[in-house]
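Residue numbers (the UniProt record's numbering), protein chains in the order written: chain A, 1 to 383; chain B, 1 to 99. From the three backbone atoms N, C-alpha and C, an ideal C-beta is built for every residue, glycine too. Fair warning: this is a prediction, and the values are worked out from it, not measured in the lab.
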Amino acid sequence: MNISVTGIGITKFGELWGVSPRSMAHEACEAALVDAGLDPSDIDCLIIANMLSGMLGAQEHLGAFFSEELDFFHIPSYKVEGACASGGLAVHTAINSLLGGEYTRVMVLGIEKMTDHKPELVSSALMGAGTNEERLSGLTFPGAYAILAKAHMERYKTTEEQLASVAVKNHYHASLNPKAQFHSLLTVEKVMHSACVADPLRLLDCSPISDGAAAVILQNTENGKRKTEVQIIASQVATDTLGVAQRKSLTTLKATEVAAQKAYRQAHILPKDIQVAEVHDCFTIAEILAMEDLGFFEKGKAAPALVRGETTLGSKQLVVNTSGGLKGCGHPVGATGVKQIVEITQQLRGSAGKRQVNGARIGLTHNVGGSGGTCVVHILKGI
Amino acid sequence: MYSPVKLWRNQKNVQALLGKTGVIVSWTVVRVPPEGFSNQAPYPVVVVDLEDKKRMSVQMVDWEPKHCRIGQRVRVILRRISETSSEGIIPYGVKVKPI
């Protein structure tokens, strides 16, 4: 696979009440074009990653909406949706369309506007990613992950303090990221004293509701075209049952395992070869599940390692969620999977500033839709 | 929010589940509910292994904190699902209660 990341752009993530989706798209996409040294006319296709514009904003048809807004007139443009994995899926779709040979350069724009709406409405809209059975049971997204957390705690003796440590680490990383929603540091005590949302998950175990956009330009560098410093060497997607209850295991996201194993085979690497990873920590338990299901730790071993600081910036081992993750950087759902590619590209270029992982050469992104119904894994390599 | 046709179509599934018993395999207590459920919160949502091995997510009613545990036995019953607007159909469906 000869796919390069040639341009990246990202907006501030957060409660951007004064900023419209149009403005966010301009900021992210123009930054990516400037980064790549390209004009809008150089882009062959624009793929939008978004989940909620229809349910919250009553606006669909995002391909034409944003291609007009960005003056990318007449090029193919369409939306890819896979709940919170929309961003990763859009990148996967872009790669496949490049490999198909029709396009040379494809831009992916991940974008979400969530804070214009009441939390109950956003909560109900997000449950569009679940099953009718779950909606009729009054389950929420935190509730679905809380069920996974209870099962993990029962089987592996995982504690609420260990879960809280994920939020503490990711807020520390976010404090070093100018684009992150939160720059406040947390302590385990502060997380443990926050209000309970769905037992055992507390408010500070949950990623926030956010606005934000991220854009990447991907290029097919076959036929001797200029190779840039960051290549995508694996792109894999796996699915599982839509609802939590229909799965055999409540302590593993099978879609993560399947996508990761395929990605390692495609890239000809092992989990231990990765120095930096952006994983899908929509809730603190999700990062623990990801660390295990991606093959970085045996089942039940991720949480103690995380508490020991083994995945915190400064560790000599794999560092996880340098952007602050979904918890600290924010989680505009359609943008998240694209942001992960932006962050790992910065790490592999050596341009991540205060949150740079020294000597990072291979990075991984892990983007989950729903409670594990979709998983997208990308592996990137620097030169 | 609820399509009457969809609820009607779903009735045969409801009938097939009523009276079945099962065991809780994981659970949570939802304290920040979605639209329509605010007058019931906090309430447990449990994953139950039914006697026929089918696994489902379902709300638990008539509960006390001691019932929120893995291994608790429950029975499927018919209950009103949630609030609706004054013009909307009143949605009924399955919930479970501890036994």
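Pairwise C-alpha distance: residue j and residue i
i	j	result
residue 102 of chain A	residue 45 of chain A	10 Å
residue 192 of chain A	residue 202 of chain A	7 Å
residue 87 of chain A	residue 99 of chain B	45 Å
residue 62 of chain A	residue 127 of chain A	21 Å
residue 53 of chain A	residue 65 of chain A	11 Å
residue 329 of chain A	residue 109 of chain A	18 Å
residue 25 of chain A	residue 70 of chain A	8 Å
residue 215 of chain A	residue 12 of chain A	12 Å
residue 359 of chain A	residue 230 of chain A	14 Å
residue 38 of chain B	residue 32 of chain B	8 Å
residue 144 of chain A	residue 371 of chain A	7 Å
residue 376 of chain A	residue 18 of chain B	38 Å
residue 5 of chain A	residue 345 of chain A	7 Å
residue 125 of chain A	residue 2 of chain B	14 Å
residue 279 of chain A	residue 83 of chain B	37 Å
residue 11 of chain B	residue 4 of chain B	11 Å
residue 9 of chain B	residue 65 of chain B	35 Å
residue 80 of chain B	residue 59 of chain B	11 Å
residue 361 of chain A	residue 285 of chain A	27 Å
8 Å Cβ cutoff met for residue i and residue j
i	j	result
residue 336 of chain A	residue 276 of chain A	no
residue 79 of chain A	residue 21 of chain A	no
residue 31 of chain A	residue 9 of chain A	yes
residue 61 of chain B	residue 95 of chain B	yes
residue 26 of chain B	residue 133 of chain A	no
residue 309 of chain A	residue 349 of chain A	no
residue 347 of chain A	residue 340 of chain A	no
residue 96 of chain A	residue 334 of chain A	no
residue 45 of chain B	residue 139 of chain A	yes
residue 237 of chain A	residue 89 of chain A	yes
residue 28 of chain B	residue 164 of chain A	no
residue 149 of chain A	residue 368 of chain A	no
residue 136 of chain A	residue 88 of chain B	no
residue 35 of chain A	residue 18 of chain A	no
residue 294 of chain A	residue 260 of chain A	yes
residue 384 of chain A	residue 274 of chain A	Absent from the model: residue 384 of chain A. The displayed extent of chain A is 1 to 383, so no value can be given.
residue 105 of chain A	residue 48 of chain A	no
residue 378 of chain A	residue 91 of chain A	yes
Close beta carbons around residue i, own chain, < 8 Å, minus the five adjacent residues each side
i	result
residue 305 of chain A	291, 297, 311
residue 281 of chain A	166, 170, 207, 287, 290, 321, 325, 326, 327
residue 313 of chain A	172, 173, 176, 319, 322, 355, 357
residue 55 of chain B	25, 47, 48, 49
Proximity to residue i [Cα-Cα], best of the options
i	options	result
residue 38 of chain A	A:54, A:57, A:72, A:51	A:72
residue 204 of chain A	A:210, A:195, A:212, A:211	A:195
residue 365 of chain A	A:343, A:146, A:60, A:33	A:343
residue 252 of chain A	A:47, A:156, A:216	A:156
residue 52 of chain B	B:36, B:35, B:75	B:75
residue 197 of chain A	A:283, A:338, A:69	A:283
residue 245 of chain A	A:373, A:348, A:271, A:178	A:373
residue 152 of chain A	A:341, A:313, A:200, A:96	A:200
residue 182 of chain A	A:358, A:331, A:23, A:269	A:331
residue 177 of chain A	A:370, A:354, A:158, A:239	A:354
residue 120 of chain A	B:35, B:28, B:3	B:35
residue 94 of chain A	A:107, A:82, A:83	A:107
Own chain, CB closer than 6 Å to residue i, minus 5 neighbours either side, in chain order
i	result
residue 266 of chain A	234
residue 122 of chain A	114, 209
residue 77 of chain A	46, 63, 67
residue 117 of chain A	56
residue 317 of chain A	310
residue 16 of chain A	211
residue 68 of chain B	27, 44
residue 271 of chain A	295, 296
Residues near residue i by beta carbon distance below 7 Å, same chain, minus five either side
i	result
residue 2 of chain A	220, 221, 222
residue 186 of chain A	167, 168, 171, 204
residue 29 of chain A	9, 70, 107, 109, 215
Quiz item: Can you list the alpha helix (DSSP H) stretches of 4 or more residues lying completely in the stretch 140-196 of chain A, in chain order?
Solution: 141-156, 160-174, 188-192
Quiz prompt | Continuous alpha helix (DSSP H) assignments of at least 4 residues falling wholly in the stretch 224-275 of chain A | solution = 254-267
Quiz item: Enumerated in chain order, which unbroken segments of the beta strand (DSSP E) with a length of 3 residues or greater are wholly contained in the stretch 44-122 of chain A?
Solution: 45-49, 77-80, 105-112
Quiz item: Fully enclosed by the stretch 29-97 of chain B, which beta strand (DSSP E) runs are 3 residues long or longer?
Solution: 43-50, 55-59, 73-80
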